Every structure is written in structure tokens, then in C-alpha cells.
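Protein chains in written order, with this note's numbering: chain S, 371 to 563; chain P, 22 to 299.
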């Protein structure tokens, strides 16, 4: 059989996360994969507020020779469509060297002030341990479209498993427009033989 | 809820012709439908093909657990030159470089085009809205985010203190339409015509002018506003957001450092190469 692939999100304690097939990808201010209408992101009066960061990965099984070249892309218009305010954007965590994706062993639970703001990925104290000491800053997701996707895992997989996680976070700036937002399409892409 | 696991519906299978120009290998055993892995062959290739399934092979392959679609389309072929000379720069371990590098680079030659052949899988993820009033499913855009595109329904907001507060017009199940008077302390609404006490999903629309708009976007019901109380609102979800994801498969064939043919539902496209070679 060719590969069967499911997108999963990690939540829960560092060291023992739970990977759940995603039913929605909603950025919120709690460590939950499906918050419904609870824990909405809050527009700041100054500086930035953040969503809790998300770990998304692809789980695969079936019969295949190999799966490789894992990338992500969006429409390139997220911050304008979602009206995220001054400096607001969807952030993609990056590493100075090697894959940008986060290995499962480096998963870190998203933290912050629930219902208010998450901690910034690169917060010196409370940031994501796998990214906060990196020189490079998280990328603007709008820079990555189908013509220029964001590579998060260069591993070649030859048996069932899970990719490294794409770690992302919403940054909301002053002047962001409150309210429900139109949906955006995100795409994970890989090569299979 | 839709199935969250995605499996490719195959429309083509790979085939390759080896250096002798006659020997061909393909993804599925033509007699049993059993899948073969793609491993680089010992020699070189003269042709790569994505071949559409005929009914017979589709049945055999489906019996092995694959999802297959028969296609009447032509086979997609890419010819390779097994004798062409190529040069490439490769990292090469060395201990001679006086500044201590462990790797140098060397220009090397190889013979024959290197094939690029794989499925390029695009898993798209997007939300849509399901209306519980009329069952309509629709895409959420800036224009459609608060009201159903078919019946005009929207989410309701109930006052947490009152349990249910109606502002403006109230529509009873009996069809009577009337303006309800305060105070808004009860949890039931009594229709003055039929006396029904249905707990209809009336309540507050955040867009109602009667609601107080706070700086953070919250709204209060009129009675709470009159009493200078802030109990917040409970949302009654009529328009539920659901996830939709679908797998788009593209069939790629080409050769390293050259263009690639990409076959998809949108057609056949020639693009600059960039894939890894076998």
C-alpha cells in the first residue's frame, strides 16, 4: 500500500506529549488542539501578544519506498487577511543549522498566561528550549508559498513514523482587528516513491 | 467528522526502461498486482514512465489494498540519455589542506542521466463552516464569517446571569412576533399569545446597538448594562467550524539538473528541476 498520512498536533507535558489527529488548527491562548471558541487571542494595547505555540507533524504508515523532503506553505496573505496589526504575523520557528522542524524528543509544552498571551518562542526565559537560543529569528509564514515552501524536515523515512514538528505561533500587534477570521489554507508537501 | 488519514488514490504507476532499451520494470506485478519498491537498478535508464491503470490491473492492485482509479489518459514518458557525460562538484574528505579542513571539493564525472521520479504529495488543510440551522456547508471568508450564506443564521450570545435575555424582536414557535419588555430576570420567555415557555435560542447579537461594547470587544446585555454588572456572555454556536483536508497527488518525472514533468489534475507542466535523483 502507498503511504497513509495523518496530520497530528502535540499537546501536554514536556517529555510525554499526546499526539492527536488535528480536527482544526486554531491558534489560541491555551495548550489545546481544539479550543472551540475558548481562549481567543487577545489584541495588545502595546507591544505584542502571542498565541501558544503549536507543534504540527505528519504521521505515516503503509508500504512505500521512501518519504522525504517535507515542506509547508501557505497562501502568503495570512497577516493581511487576519489583520494582525503592526508587526503581527504567523511565526515559523527556525534553527541556525539543520532542519527547522522540532524532533519529538525536543518537544516543549506551550506556556504563557492562559487566555491572555503565550510566551514568545524566543523568550529568553520561557521560550521554546529548542529555539530560544538560536541566533536566527522565527520566519514570517507569508514568505513561504507554493513556489517557495518552508522546509522543516529533510529526513528520508523508509518505514512508518512521524516527521519532525513544524512549530508555529501567532504574533498579534497593536491595531489588530478583533473578531473571527476568515480561514486560510495551509499545505504540507512531501515526495513519495 | 471526515476521515483524518489520507491515502493516495493512484491514477498512474511508475515504469522504467533500462539501458538495453528493452527491459522494463514497473511498480506493480502485472499478474498479481503486488507492489514493488523502487530501488536504483544496477545499470542506467533510458526511459521513465507514469502509466495509467487499465481496468484489469486496477482490479488486481485494488485487491492488494490500494485505492486506484482507472484512467484513459496517455502514458507520460521522459527519455533519458544513458551515455551522456555529466560533471558534478562533490565534497571529498582530505587531510592535505594545511588549514585543517577535513573536507575539500572535487569535480567528478558520471555517465548517464540520473532519473527523478516520485509522487509529490500536497496535503491541504482548511476550515469550513457548517450551519446547524439549515445544514449548509460553506467557506469562511471575510464576507461570510458571521452569517450563514444560505439561511442567514448566526451564533447567539446569552447573558450568563440571566440565562436567557431577549432584546428586540422575539419570535415564538407559534409564529407570534413581539417586543419583549424588561426586566430581564427570568430564564423563560412566555409568549403573550399562546403562553408557550419555550427556551428558544433568543439572546443577544453582538451587533445589536442595545448591547454595550467594551474596549476588548465584549458585549453586555441591556439589563446588565442598566445594573452596571458584567457577567459576560455565553456563545450558542450555530455556525460550527470544521476542518477539511484533502490530498492532492502530483506525478513527477525528469532528470537531475534538468526539467521535470509534473502531471496533476490541472494538467501536465514542465518545470525547473530540483528534486533528488536516484
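Using N, Cα and C, we set each Cβ at its ideal position, and we do this for glycine too. Here the structure is a predicted model, which is why all the values come from computation and not from measurement.
DSSP state of residue 530 (chain S), grouped into three classes?
On the first chain, residue 530 (chain S) is found 160 positions in, with the first residue counted as 1. Reduced to three states, the DSSP call for residue 530 (chain S) is coil.
Does the beta-carbon of residue 113 (chain P) have 16 or more other beta-carbons within 10 angstroms, so that it is buried, or is it exposed?
Sequence index remark: in the second chain, residue 113 (chain P) carries index 92 (1-based). So residue 113 (chain P) counts as exposed.
Who are the near neighbours of residue 382 (chain S) in its chain, counting only those whose CB is closer than 6 Å to its CB and skipping five residues on each side?
Locating residue 382 (chain S) in the first chain gives position 12, counting from the first residue. Around residue 382 (chain S): 388.
According to DSSP, is residue 433 (chain S) part of a helix, a strand, or is it coil?
Start at 1 with the first residue of the first chain, and residue 433 (chain S) comes out as number 63. Here residue 433 (chain S) sits in coil by DSSP.
Comparing the C-beta of residue 146 (chain P) with each C-beta of chain S, is any distance below 9 Å?
Looking up residue 146 (chain P) in the second chain gives position 125. Yes, its Cβ sits closer than 9 Å to a Cβ of chain S.
If distances are taken between C-alpha atoms only, which option among P:68, P:53, P:51 comes closest to residue 43 (chain P)?
The count along the second chain starts at 1 and reaches residue 43 (chain P) at position 22. Among P:68, P:53, P:51, the Cα nearest to that of residue 43 (chain P) belongs to P:68.
Starting from the C-beta of residue 490 (chain S), find all residues in its chain whose C-beta is less than 7 Å away, skip the five residues before and the five after it, and write them out in chain order.
The count along the first chain starts at 1 and reaches residue 490 (chain S) at position 120. Once the five neighbours on either side are set aside, the close Cβ partners of residue 490 (chain S) are 420, 497.
So within the segment 504-549 of chain S, which uninterrupted beta strand (DSSP E) runs reach at least 3 residues, ignoring any that extend past its ends?
520-523, 536-543
Quick one, which of S:511, S:457, S:514, S:520 has its alpha-carbon nearest residue 469 (chain S)'s?
Taking the first residue of the first chain as 1, we reach residue 469 (chain S) at position 99. Selected option, being the one with the closest Cα: S:520.
Based on the DSSP output, what are the partners of residue 86 (chain P) in its beta bridges?
Here residue 86 (chain P) is taken as the residue at index 65 of the second chain, counted from 1. BP columns for residue 86 (chain P) are empty, so no partner.
Would you give the residue range spanned by the beta strand (DSSP E) that residue 266 (chain P) belongs to?
Along the second chain, read from residue 1 onward, the residue named residue 266 (chain P) stands at position 245. Run containing residue 266 (chain P): 260-276, per the beta strand (DSSP E) assignment.
Starting from the C-beta of residue 106 (chain P), find all residues in its chain whose C-beta is less than 7 Å away, skip the five residues before and the five after it, and write them out in chain order.
Here the question's residue 106 (chain P) lines up with position 85 in the second chain. Only 130, 132 meet the Cβ criterion.
Output, in chain order, the set of chain P residues within a Cβ distance shorter than 7 Å of residue 562 (chain S).
Numbered from 1 along the first chain, position 192 holds the residue referred to as residue 562 (chain S). Ordered by position in chain P, the residues that pass the 7 Å Cβ test against residue 562 (chain S) are 139, 140, 142.
For residue 475 (chain S), which of helix, strand or coil comes out of DSSP?
Counting from 1 along the first chain, the entry for residue 475 (chain S) is found at position 105. The answer is helix: DSSP assigns residue 475 (chain S) an H, G or I state.
Please classify residue 55 (chain P) as buried or exposed, where buried requires at least 16 other C-beta atoms within 10 Å of its C-beta.
Residue 55 (chain P) sits at position 34 when you count from the first residue of the second chain. When all chains shown are included, residue 55 (chain P) counts as exposed.
Are three or more beta carbon pairs between the segment 160-178 of chain P and the segment 544-553 of chain S nearer than 8 Å?
yes
Any idea what DSSP makes of residue 300 (chain P), helix, strand or coil?
An answer regarding residue 300 (chain P) cannot be provided, because it is not within the stretch 22 to 299 covered by chain P.
Going by the beta-carbon positions, is the gap between residue 144 (chain P) and residue 269 (chain P) smaller than 9 Å?
Indexing the second chain from 1 puts residue 144 (chain P) at position 123. Indexing the second chain from 1 puts residue 269 (chain P) at position 248. For residue 144 (chain P) and residue 269 (chain P), yes; Cβs fall inside 9 Å.
Opposite residue 40 (chain P) in the DSSP bridges: which residues?
Taking the second chain and counting its residues from 1, one reaches residue 40 (chain P) at position 19. According to DSSP, residue 40 (chain P) bridges with nothing at all.
Where residue 538 (chain S) and residue 475 (chain S) are concerned, what is the direct C-alpha to C-alpha distance, given to the nearest angstrom?
Within the first chain, numbered from 1, the residue matching residue 538 (chain S) stands at position 168. Within the first chain, numbered from 1, the residue matching residue 475 (chain S) stands at position 105. Cα-Cα distance, rounded: 17 Å.
Of all the residues that make up the segment 372-390 of chain S, which are near chain P by a beta-carbon distance shorter than 7 Å?
372, 374, 375, 376, 377
Does any C-beta atom of chain S lie closer than 9 Å to the C-beta of residue 224 (chain P)?
Start at 1 with the first residue of the second chain, and residue 224 (chain P) comes out as number 203. Residue confidence is low: residue 224 (chain P) scores 41 on pLDDT, short of 50, so the model does not pin down where it sits. Its coordinate-derived value is still stated next. Taking Cβ atoms only, chain S never reaches closer than 9 Å to residue 224 (chain P), which makes this a no.
Drop a sphere of 10 angstroms on the beta-carbon of residue 84 (chain P), count the other beta-carbons inside from all chains shown, and report buried for 16 or more, exposed for fewer.
In the second chain, the residue the question calls residue 84 (chain P) occupies position 63. Exposed.
Taking the beta strand (DSSP E) that residue 285 (chain P) falls in, what are its first and last residues?
The count along the second chain starts at 1 and reaches residue 285 (chain P) at position 264. Run containing residue 285 (chain P): 281-285, per the beta strand (DSSP E) assignment.
In this structure, how does DSSP classify residue 416 (chain S) when only helix, strand and coil are distinguished?
To locate residue 416 (chain S), count along the first chain from 1; it is residue 46. If DSSP states are grouped into helix, strand and coil, residue 416 (chain S) belongs with coil.
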